[in-house]
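Participant:
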Amino acid sequence: MNERYSRQELFTPIGEGGQALIREASVFILGAGALGSAAGEMLVRAGVGRITIVDRDIIDWTNLHRQQLYTEQDVIDQLPKAVAAEKRLTAINSDVDVTGIVVDVTPNNVLDLIRGHDFIVDGTDNIEIRLLANDAALKLGGLPFFMGACVGSYGLTFPIGIKEGQPCLHCLLEILPAQTMTCDTVGVISPIVVTTAARQVADVLKYITGAEFTPKLESTDLWTGERASIDVSKLKKNSCPSCSANPTYPFLSARESMRTAVLCGRDTVQLSWPENRKFELDSFAESIRGTVSKLVHNPHLLACEYGGHRLVLFRDGRMLVHGTKDIVAAKKIAAGLLG
Amino acid sequence: MTITIDLNGNSHEIPSDVGNVQQLLENLNLADRILIVELNKEIVPKDAYDTPIKDRDQIEIIHFVGGG
Ligand SMILES: [Zn+2]
């Protein structure tokens, strides 16, 4: 068995010593979509000790061209991404302790989810959750956060928290975008996913094995051939609410009752109920059996069609309303079914 | 009339009426994005987007996107 990592150990900057450090690493992958899939596969193959991978969504046909951990059967079974990712990553390397968690990461649960891991790999699909992860990483004592994002043929990476005096994500994003490009609006091709995740994982391996490097904001467009690499050290802000001497961690304090979100690339609205409302999926399935069509009920979720939309309910108090980006319409549909 | 700049590693022609960083961003349809701009290896702060652009300048622009 222990030939397994021999080619990685032969790579001088890693060596047997580096491999032992990789083996000790405990990784948190935030999001099991395209980047999370690609990074997760590289990291289990590299032989990290432990991976926790979290995601709120289920696998859809529109994911399969770029989300490399998933198969047609996973779509047919309507598996949550975190469940299918755990299964596939464990099949690739059973030495790694892999845990998939189906959950929407929020200000309420983010610290508990991440605590105990060595660093965070970004597999998310929007800037708000990246800023939440950035705050959480800083609050937990400055865990590294390997940011990555991509749409179209364009991707960017930025490793945060690996060197003193470097800016955090919030330092770079003074003004929050009203709207950023998403996979929904401009699409995405798989080569940029793999390229972006490869950069993130290369930085992870350098960090784990103690290589000296200056973190840079880097971008690549695989279609136009443009690339950029900017040393952003000077953008560190002494007044940053997230990483200054007296941080307020603003993204950790946003607590609302009913949360809503439009999911990237999915034509889907997510409704999240407050934590005290848990769905009893079994009894719920019985009560709506006559009202809805195409009811699917597995240990992780309940899916059905209602009012012209496909609905998916998760045990942790969330509903996805597919076929709309209209939050008000989605709330109306949920109210129609849940009363 | 055009001037030629090096934009993210590619040679790029822009009309010569694009005279400063702000006008370049507008020309590239990037003005409403969240960006980091570097001109000849120095980051250009937002309040200095009126910095002139000359022929042969080396410019790097990284814009933030949501997906992943
Ligand atoms: Zn900061």
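Here the protein sequences line up with chains A and B, keeping their order. So for the first sequence, the numbering used here puts the first residue at 2; every next one is plus one. So for the second sequence, the numbering used here puts the first residue at 1375; every next one is plus one. Each residue gets a CB set at the ideal place from its N, CA and C atoms; glycine is no exception. Nothing here was measured: the structure is a model prediction, and the numbers come from that model.
1. Would you say Val1395/B reaches chain A, if we count a Cβ-Cβ gap shorter than 7 Å as a contact?
2. Considering only residues of the same chain and omitting the five flanking positions on each side of Gly188/A, which have a CB-CB separation below 7 Å?
3. By Cβ distance, which residues of its chain are closer than 8 Å to Ala179/A, with the 5 residues on each side in sequence left out?
4. With C-beta atoms as the reference, is Lys1/A less than 7 Å away from Pro168/A?
5. Taking 7 Å as the CB-CB cut-off, is Ile1410/B touching chain A?
6. I'd like the list of long-range same chain contacts for Glu1434/B, defined as Cβ closer than 6 Å, with 5 residues on each side in sequence excluded.
7. What are the start and end residues of the alpha helix (DSSP H) that includes Asn1401/B?
8. Checking 7 Å against the spacing of the C-beta atoms, do Thr269/A and Leu321/A come in under that value?
9. How many Å lie between Gly37/A and Glu1416/B at the Cα?
10. Could you give the DSSP three-state label for Cys172/A: helix, strand or coil?
11. Measuring CA to CA, which of Leu114/A, Ala150/A, Asp61/A, Gln69/A is closest to Asp105/A?
12. List, in order along the chain, the chain B residues whose C-beta lies closer than 9 Å to that of Leu359/A?
13. With a threshold of 7 Å between beta carbons, is Asn135/A in contact with chain B?
14. Return the bridge partner residues of Pro159/A from the DSSP annotation.
15. What would DSSP say about Glu227/A, mapped onto helix, strand or coil?
16. Flag this pair as yes or no: are the beta carbons of Gly48/A and Ser27/A separated by less than 7 Å?
17. Can you list the beta strand (DSSP E) stretches of 3 or more residues lying completely in the region 92-123 of chain A, in chain order?
18. For Leu141/A, which three-state DSSP category applies?
19. Assign His1/A to buried or exposed, taking buried as 16 or more other Cβ atoms, counted over all protein chains shown, within 10 Å of its Cβ.
20. For Glu1434/B, which residues in chain A fall below 7 Å Cβ to Cβ?
21. For chain B, check one thing: does any of its Cβ atoms lie closer than 7 Å to the Cβ of Met2/A?
22. Taking 7 Å as the CB-CB limit, is Cys151/A close to chain B?
23. Using a Cβ cut-off of 7 Å, pull out every chain B residue sitting near Arg77/A, in sequence order please.
24. Does the beta-carbon distance from Gly1393/B to Asn127/A come in below 7 Å?
25. Using a C-beta cutoff of 7 Å, does Val1392/B count as contacting chain A?
26. Closest by CA to Asp78/A, which one among Asp327/A, Leu302/A, Gly324/A, Val329/A?
27. Just verifying my parser: in three-state terms, what is the DSSP assignment at Asn1384/B?
28. Verify the contact flag: Ser243/A, CB atom, against every heavy atom of ligand 1, threshold strictly below 6 Å.
29. Looking at C-alpha atoms only, which residue of Glu1387/B, Asp1424/B, Ser1390/B, Asn1414/B is the closest neighbour of Ala1405/B?
30. By DSSP, does Ile190/A sit in helix, in strand, or in coil?
31. Looking at chain B, which residues of the region 185-200 of chain A have a Cβ within less than 7 Å of any of its Cβ atoms?
32. Going along chain B, which residues have a C-beta under 8 Å from Thr125/A?
33. Would you give the residue range spanned by the beta strand (DSSP E) that Met320/A belongs to?
34. Consider the Cβ of Ile128/A: report whether some Cβ of chain B lies at a distance smaller than 7 Å.
35. At a CB distance below 9 Å, what residues from the region 26-54 of chain A approach chain B? Give them in sequence order.
Facilitator: Let's see:
1. Against the second sequence, residue 1395/B aligns to sequence position 21. No, Val1395/B lies away from the interface with chain A (no Cβ there is under 7 Å from its Cβ).
2. For the purposes of this step, residue 188/A is identified with residue 187 of the first sequence, where counting begins at 1. Cβ neighbours of Gly188/A beyond the five flanking positions: Gly153.
3. By one-based count along the first sequence, residue 179/A stands at place 178. Note that Ala179/A has pLDDT 48, beneath the 50 cutoff, so the model's placement of it is unreliable and no number is given.
4. Limits of chain A in this structure are 2 at one end and 340 at the other, which puts residue 1/A out of reach.
5. Residue numbering aside, residue 1410/B sits at position 36 when the second sequence is read from its first letter. Yes, because at least one Cβ of chain A sits closer than 7 Å to the Cβ of Ile1410/B.
6. Mapped onto the second sequence, residue 1434/B falls at position 60. Contacts found: Asn1382, Glu1412.
7. For the purposes of this step, residue 1401/B is taken as the residue at position 27 of the second sequence. 1395-1401 is the span of the alpha helix (DSSP H), which, as asked, contains Asn1401/B.
8. The sequence position of residue 269/A within the first sequence is 268, counting from 1. The sequence position of residue 321/A within the first sequence is 320, counting from 1. Contact: yes.
9. Taking the first sequence and counting its residues from 1, one reaches residue 37/A at position 36. Taking the second sequence and counting its residues from 1, one reaches residue 1416/B at position 42. The straight-line gap from Cα to Cα measures roughly 33 Å.
10. As a working note, residue 172/A is residue 171 in the first sequence. In the structure shown, Cys172/A sits in a helix (DSSP, three-state: H, G or I).
11. The residue you call residue 105/A lines up with position 104 of the first sequence. The residue with the shortest Cα to Cα distance from Asp105/A is Leu114/A.
12. Missing from the structure shown is residue 359/A; chain A here goes from 2 to 340 and no further.
13. Taking the first sequence and counting its residues from 1, one reaches residue 135/A at position 134. By this cut-off, Asn135/A is not an interface position.
14. Against the first sequence, residue 159/A aligns to sequence position 158. One point to set straight first is that residue 159/A is Phe, not Pro, in the sequence displayed. Looking at the DSSP assignment, Phe159/A forms a beta bridge with Met148/A.
15. As a first step, residue 227/A is located in the first sequence; it is residue number 226 there, counting from the start. Glu227/A: coil per DSSP, three-state reduction.
16. Sequence index remark: in the first sequence, residue 48/A carries index 47 (1-based). Sequence index remark: in the first sequence, residue 27/A carries index 26 (1-based). No, the pair does not count as a contact, with Cβ atoms beyond the cut-off.
17. 98-103, 120-123
18. One-based indexing of the first sequence puts residue 141/A at position 140. In the structure shown, Leu141/A sits in coil (DSSP, three-state: anything other than H, G, I, E or B).
19. Here chain A covers residues 2 to 340 and nothing more, so residue 1/A does not appear.
20. Translated into the one-based positions of the second sequence, residue 1434/B becomes position 60. Chain A residues near Glu1434/B: Ala229, Ile231.
21. As a first step, residue 2/A must be located in the first sequence, where it is residue number 1. Per-residue confidence for Met2/A stands at a pLDDT of 47, beneath the threshold of 50, marking its modelled position as unreliable; no derived number is given.
22. Residue numbering aside, residue 151/A sits at position 150 when the first sequence is read from its first letter. By this cut-off, Cys151/A is an interface position.
23. Within the first sequence, residue 77/A is the residue found at index 76, counting from 1. Here the sequence assigns Ile to residue 77/A, which means Arg is not the residue at that position. Result: empty, since nearest Cβ-Cβ is about 25 Å, beyond 7 Å.
24. The residue labelled residue 1393/B in the question sits at position 19 within the second sequence. The residue labelled residue 127/A in the question sits at position 126 within the first sequence. Cβ distance not < 7 Å, so Gly1393/B and Asn127/A don't count as in contact.
25. By one-based count along the second sequence, residue 1392/B stands at place 18. Answer no: the Cβ-Cβ gap between Val1392/B and chain A never drops below 7 Å.
26. One-based indexing of the first sequence puts residue 78/A at position 77. The option with the nearest alpha carbon to Asp78/A is Leu302/A.
27. On the second sequence, residue 1384/B is found 10 positions in, with the first residue counted as 1. Asn1384/B falls in the strand class under three-state DSSP.
28. Position 242 of the first sequence, counted from the first residue, corresponds to residue 243/A. Because some heavy atom of ligand 1 lies under 6 Å away, the Cβ of Ser243/A counts as near it: yes.
29. Walking along the second sequence from the start, residue 1405/B turns up at place 31. Checked all of Glu1387/B, Asp1424/B, Ser1390/B, Asn1414/B; the closest Cα to Ala1405/B is Asp1424/B.
30. Taking the first residue of the first sequence as 1, we reach residue 190/A at position 189. The answer is coil: DSSP assigns Ile190/A none of H, G, I, E or B.
31. Val189
32. In the first sequence, the residue the question calls residue 125/A occupies position 124. Those within 8 Å of Thr125/A in chain B are Gly1442.
33. Reading the first sequence from its first residue, position 319 is the one you call residue 320/A. Element bounds for Met320/A: 319-323.
34. Position 127 of the first sequence, counted from the start, is the residue given in the question as residue 128/A. By this cut-off, Ile128/A is an interface position.
35. Gly32, Gly34, Ala35, Leu36, Gly37
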